[in-house]
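Read the structure below first, then the notes.
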DNA sequence: TCGGCCGGTTACTCTCCAGTAACCGAACTA
DNA sequence: TAGTTCGGTTACTGGAGAGTAACCGGCCGA
């Protein structure tokens, strides 16, 4: 079936995300993606320069989705405690609702290639930056950043555990569990 | 220079670890590894069945090194608090001293291929199992396991941050920071 | 009703790389 | 000193997959 160029492009993006998330960058061939979309390879190349460019576009888009979700959620909470839980809730909801995006970002294979890794790192660093102000104790910058990355690590590690292998989970419950742990931890950090 | 078969094998293992850690599974060709070792490809195939088998052997070995380190460290500590810190200390020392092994396991690209991913998952799950008894609160198994994976996530996330890009760091200091966060968090977990 | 636009296909090329066959030469050994 | 072992090399095969050239046919506007 013929589609208009924009419609086809959109469909290809969806399909490519699904295929890359499932198989990873190297294991997924352009033919696989084209097949999954019900077209042939040259169609893919009418819409995207190269495999790299396609993958990078997806990575960017998914990274943006995650950071937007997180900033939207955390800006509306007032105190640190609720920000922590709200942040985790947004994160786990993202993993729950947009699992392919999570897999693409942290699945990974994205962290291998230097250019891809840089994109993912940017997402993680931006999340960590958002966490930094939550850490009240008067500690060194290095210390603060390490703790911020501890929280991003929690989100990633727990997500991989609860959602890995397509398991079902309740994002809000997990956020409550993890938020409790994280906030309790942050409160107990002593001044240097 | 000619080496005896066992010596050559050992050298190839070291070299392959370095090359795979640096470039990842797909980006590293058997020629790259052979070159780095100062030999030609067929030599590699005299010692290892295939690229996969070589990579898997390395993955297994590195996983074993990490879990051994962790179990050795944690069994000797008595109370939960010191176990937490000692565990993190062991982890960060591993990352510090055996950075290539860490990169190979969590770099990743190892988590992409299903067989490779299973090996890494085994390492993470085993670490999480070791953490589970530290969680004193009377909570559900699911909850407990999620928190255990939060701690493994911390270790991984923080390691990536402090050691990423070949940066220098003091493992014991980082362990102190992170141990404080984790133990404080675990203490504040409430019964379900 | 005819021409050209456009979404699509078939059928390639070119490169890279895992894996291999066949051969080589130094040293030990009988 | 001839023969065998063994660590090594050169020079290939085979397949996979990124990217492309050239062609196709329905539909739309004139």
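Protein chains in written order, with our numbering: chain A, 88 to 279; chain B, 88 to 279. Each residue gets a CB set at the ideal place from its N, CA and C atoms; glycine is no exception. Bear in mind the structure is a predicted one, so any value in this text is a computation, not a measurement.
**Item:** Cβ pair residue 161 of chain A, residue 217 of chain A closer than 7 Å
**Value:** By 1-based counting over the first chain, the position of residue 161 of chain A is 74. By 1-based counting over the first chain, the position of residue 217 of chain A is 130. Yes; because the gap between Cβ atoms is below 7 Å, this pair is in contact.
**Asked** Going along chain B, which residues have a C-beta under 8 Å from residue 233 of chain A?
**Response** Looking up residue 233 of chain A in the first chain gives position 146. Chain B residues near residue 233 of chain A: 245, 248, 249, 261, 264, 265.
**Message:** Quick check on DSSP: helix, strand or coil for residue 111 of chain B?
**Reply:** Locating residue 111 of chain B in the second chain gives position 24, counting from the first residue. It is coil, neither helix nor strand.
**Prompt:** Should the segment 229-237 of chain B be regarded as contacting the segment 246-265 of chain A, the criterion being three or more beta carbon pairs within less than 8 Å?
**Reply:** yes
**Asked** Out of curiosity, what's the CA-to-CA distance linking residue 231 of chain B and residue 157 of chain B?
**Response** To locate residue 231 of chain B, count along the second chain from 1; it is residue 144. To locate residue 157 of chain B, count along the second chain from 1; it is residue 70. Taking the straight line joining both Cα atoms gives about 19 Å.
**Asked** Between the Cα of residue 282 of chain B and the Cα atoms of B/221, B/196, B/207, which residue gives the shortest distance?
**Response** Any question about residue 282 of chain B goes unanswered here, given that chain B covers just 88 to 279.
**Request:** Measure the beta-carbon distance from residue 99 of chain B to residue 149 of chain B and round it to whole angstroms, keeping in mind my assumption that it falls under 8 Å.
**Result:** Your numbering for residue 99 of chain B matches position 12 in the second chain. Your numbering for residue 149 of chain B matches position 62 in the second chain. So it is not a contact: roughly 15 Å between Cβ atoms.
**Message:** Only counting the same chain, and skipping five residues up and downstream in sequence, which positions put a Cβ closer than 6 Å to that of residue 202 of chain B?
**Reply:** The sequence position of residue 202 of chain B within the second chain is 115, counting from 1. There are no such residues.
**Contacts of residue 206 of chain B in chain A (Cβ-Cβ under 9 Å)** = On the second chain, position 119 is the one that residue 206 of chain B refers to. By Cβ distance, chain A contributes nothing, its closest Cβ being about 14 Å from residue 206 of chain B, past 9 Å.
**Message:** Does the segment 92-110 of chain A come into contact with the segment 127-144 of chain A, if we say contact requires no fewer than three beta-carbon pairs (one atom in each stretch) closer than 8 Å?
**Reply:** Three or more beta-carbon pairs drawn from the segment 92-110 of chain A and the segment 127-144 of chain A are found closer than 8 Å, and the two stretches are therefore classed as touching.
**Request:** Could you spell out where the alpha helix (DSSP H) holding residue 189 of chain B opens and where it closes?
**Result:** By one-based count along the second chain, residue 189 of chain B stands at place 102. Element bounds for residue 189 of chain B: 186-193.
**Request:** Mark residue 172 of chain B as exposed unless 16 or more other C-beta atoms lie within 10 angstroms of its C-beta, in which case mark it buried.
**Result:** The count along the second chain starts at 1 and reaches residue 172 of chain B at position 85. So residue 172 of chain B ends up on the buried side.
**Prompt:** Looking at residue 267 of chain A and the ligand FMN, is the gap between the Cβ and the nearest heavy atom below 6 Å?
**Reply:** Questions concerning the ligand FMN fall outside what the structure shown contains, since it holds no ligand whatsoever.
**Prompt:** Under a three-way DSSP split, which group does residue 128 of chain A fall into?
**Reply:** Here residue 128 of chain A corresponds to residue number 41 of the first chain, with the count starting at 1. Residue 128 of chain A falls in the helix class under three-state DSSP.
**Message:** Against chain B, does residue 275 of chain A count as a neighbour if the rule is that its beta carbon must be under 7 Å from one of theirs?
**Reply:** Here the question's residue 275 of chain A lines up with position 188 in the first chain. Yes, residue 275 of chain A lies at the interface with chain B (some Cβ there is under 7 Å from its Cβ).
**Message:** At the level of alpha carbons, what is the spacing between residue 114 of chain A and residue 152 of chain B?
**Reply:** By one-based count along the first chain, residue 114 of chain A stands at place 27. By one-based count along the second chain, residue 152 of chain B stands at place 65. C-alpha separation (whole angstroms): 29 Å.
**Prompt:** So, helix, strand or coil for residue 117 of chain B, using DSSP?
**Reply:** Position 30 of the second chain, counted from the first residue, corresponds to residue 117 of chain B. The answer is helix: DSSP assigns residue 117 of chain B an H, G or I state.
**Prompt:** Would you say residue 113 of chain B reaches chain A, if we count a Cβ-Cβ gap shorter than 7 Å as a contact?
**Reply:** For this step, residue 113 of chain B is matched to residue 26 along the second chain. Yes, residue 113 of chain B counts as interfacial toward chain A.
**Request:** Determine the DSSP secondary structure at residue 209 of chain A, reduced to helix, strand or coil.
**Result:** Start at 1 with the first residue of the first chain, and residue 209 of chain A comes out as number 122. Three-state result, residue 209 of chain A: helix.
**Item:** Three-state class that DSSP yields for residue 147 of chain B in the structure shown
**Value:** Sequence index remark: in the second chain, residue 147 of chain B carries index 60 (1-based). Looking at residue 147 of chain B - three-state DSSP - the assignment turns out to be helix.
**Asked** Is the number of C-beta pairs between the segment 106-123 of chain A and the segment 163-181 of chain A that are closer than 8 Å three or more?
**Response** Output reads no: the segment 163-181 of chain A does not touch the segment 106-123 of chain A.
**Request:** State yes or no: is the beta carbon of residue 240 of chain B nearer than 7 Å to at least one beta carbon in chain A?
**Result:** Here residue 240 of chain B refers to the residue found at position 153 when the second chain is read from its first residue. With 7 Å as the cut-off, residue 240 of chain B counts as an interface residue toward chain A.
**Request:** Please say whether residue 240 of chain B and residue 244 of chain A have beta carbons closer to each other than 7 Å?
**Result:** Taking the first chain and counting its residues from 1, the one referred to as residue 244 of chain A is at position 157. Taking the second chain and counting its residues from 1, the one referred to as residue 240 of chain B is at position 153. Result yes, Cβ atoms of residue 244 of chain A and residue 240 of chain B sit closer than 7 Å.
**Asked** Looking at residue 187 of chain A and residue 105 of chain A, is the spacing between their C-beta atoms short of 7 Å?
**Response** For the purposes of this step, residue 105 of chain A is taken as the residue at position 18 of the first chain. For the purposes of this step, residue 187 of chain A is taken as the residue at position 100 of the first chain. Against a cut-off of 7 Å, the Cβ pair of residue 187 of chain A and residue 105 of chain A comes out as a contact.
**Request:** Answer with yes or no whether the minimum CB distance from residue 188 of chain B to chain A is below 7 Å.
**Result:** Within the second chain, numbered from 1, the residue matching residue 188 of chain B stands at position 101. It does not; no Cβ of chain A falls within 7 Å.
**Prompt:** Given that a residue counts as buried once 16 or more other Cβ atoms are within 10 Å of its Cβ, and exposed if not, what is residue 196 of chain A?
**Reply:** For the purposes of this step, residue 196 of chain A is taken as the residue at position 109 of the first chain. Its Cβ being crowded by 16 or more others within 10 Å, residue 196 of chain A is buried.
**Asked** According to the Cβ coordinates, are residue 276 of chain B and residue 267 of chain A closer than 7 Å?
**Response** Taking the second chain and counting its residues from 1, the one referred to as residue 276 of chain B is at position 189. Taking the first chain and counting its residues from 1, the one referred to as residue 267 of chain A is at position 180. Cβ distance < 7 Å, so residue 276 of chain B and residue 267 of chain A count as in contact.
**Prompt:** Quick one: Cα of residue 257 of chain A to Cα of residue 215 of chain A, how far?
**Reply:** Within the first chain, numbered from 1, the residue matching residue 257 of chain A stands at position 170. Within the first chain, numbered from 1, the residue matching residue 215 of chain A stands at position 128. Using only the alpha carbons, I get a separation of about 24 Å.
**Residue of A/262, A/252, A/122, A/210 minimising C-alpha distance to residue 155 of chain A** = The sequence position of residue 155 of chain A within the first chain is 68, counting from 1. Here the closest residue by C-alpha is A/210.
**Request:** Check the Cβ of residue 236 of chain B against every Cβ in chain A and list those closer than 7 Å, keeping chain order.
**Result:** The residue you call residue 236 of chain B lines up with position 149 of the second chain. In chain order: 244, 245, 248.
**Message:** When you compare the CB positions of residue 279 of chain B and residue 226 of chain B, do they come within less than 7 Å of one another, or not?
**Reply:** Working through the second chain from its first residue, we reach residue 279 of chain B at position 192. Working through the second chain from its first residue, we reach residue 226 of chain B at position 139. Yes, the Cβ-Cβ distance between residue 279 of chain B and residue 226 of chain B is below 7 Å.
**Request:** Using only alpha-carbon positions, find the residue among A/272, A/145, A/229 that is nearest to residue 254 of chain B.
**Result:** Here residue 254 of chain B is taken as the residue at index 167 of the second chain, counted from 1. With distances taken between Cα atoms, residue 254 of chain B lies closest to A/229.
**Message:** Counting only C-beta atoms, is residue 174 of chain A closer than 7 Å to chain B at any point?
**Reply:** Here residue 174 of chain A refers to the residue found at position 87 of the first chain. No, because no Cβ of chain B sits closer than 7 Å to the Cβ of residue 174 of chain A.
**Item:** CA-to-CA distance, residue 96 of chain A to residue 134 of chain A, given in whole angstroms
**Value:** The residue you call residue 134 of chain A lines up with position 47 of the first chain. The residue you call residue 96 of chain A lines up with position 9 of the first chain. Near 6 Å, if we compare the C-alpha coordinates of residue 96 of chain A and residue 134 of chain A.
**Whole-number beta carbon distance between residue 273 of chain A and residue 206 of chain A, since they are thought to touch under 8 Å** = Residue 206 of chain A sits at position 119 when you count from the first residue of the first chain. Residue 273 of chain A sits at position 186 when you count from the first residue of the first chain. The Cβ separation is near 28 Å, so there is no contact.
**Prompt:** What number of angstroms, rounded off, separates the C-alpha of residue 185 of chain A from the C-alpha of residue 89 of chain A?
**Reply:** Against the first chain, residue 185 of chain A aligns to sequence position 98. Against the first chain, residue 89 of chain A aligns to sequence position 2. Here the C-alpha atom of residue 185 of chain A lies approximately 28 Å from the C-alpha atom of residue 89 of chain A.
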